[in-house]
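In UniProt numbering, the protein residues as written are 1 to 147.
The beta carbon of each residue, even a glycine, is placed where N, CA and C say it ideally should be.
Here the structure comes first, spelled out in structure tokens, and everything after it is commentary.
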């Protein structure tokens, strides 16, 4: 009987140890996600892929879904035609505002914004130059490119 009791106790202790290890791993995974300097780089178009209509839906869905997640990127960089997403006529503007309100930096390429003459019309985001864009990319843990 003592042998069975010892085996049960060892089994229980092993289970507790595995649970403890799993919990520690979960804490570290969450910490890594919270501290990661991830950047989403949106460039060159208002849609994803070659089909503009489908691509527009995909991009809007992507940004909306991103705004609903628990863990967020540190920054979203809008480049080229994607700067137009900051305008009130864009369906994505609301979701970008939501992300900004939750602490995500919405960074807008000033060259692109000036090219499209939208600097005074932007509803969300902060204008940045190419040097800052490059520095952000070089300092990123991960860059997710949406184009």
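query: The beta strand (DSSP E) with residue 75 in it runs from where to where?
result: 75-78
For residue 4, three-class secondary structure by DSSP: helix
- prompt: If you drop the 5 nearest sequence neighbours on each side, which residues of the same chain put their C-beta closer than 8 Å to that of residue 118?
  reply: 83, 84, 86, 87
CB of residue 60 within 7 Å of CB of residue 92, strictly: yes
message: Please state the DSSP three-state secondary structure of residue 121.
response: coil
message: Counting beta carbon pairs with one atom in the segment 119-129 and one in the segment 99-111, are three or more of them shorter than 8 Å?
response: yes
field: Spatially closest choice to residue 69 from 139, 122, 98, 145, by CA coordinates
entry: 98
message: According to DSSP, residue 109 sits in a beta bridge with which residue or residues?
response: 128
task: Compare the beta carbon distance of residue 95 and residue 112 with 7 Å and say whether it is the shorter of the two.
output: no
query: To which residues of the same chain is residue 72 closer than 8 Å at the C-beta, ignoring the five residues directly before and after it?
result: 66, 99, 102, 103, 104
query: Along the chain, where does the alpha helix (DSSP H) that runs through residue 89 open and close?
result: No alpha helix (DSSP H) contains residue 89, which DSSP labels as neither H nor E.
message: Checking 7 Å against the spacing of the C-beta atoms, do residue 77 and residue 133 come in under that value?
response: yes
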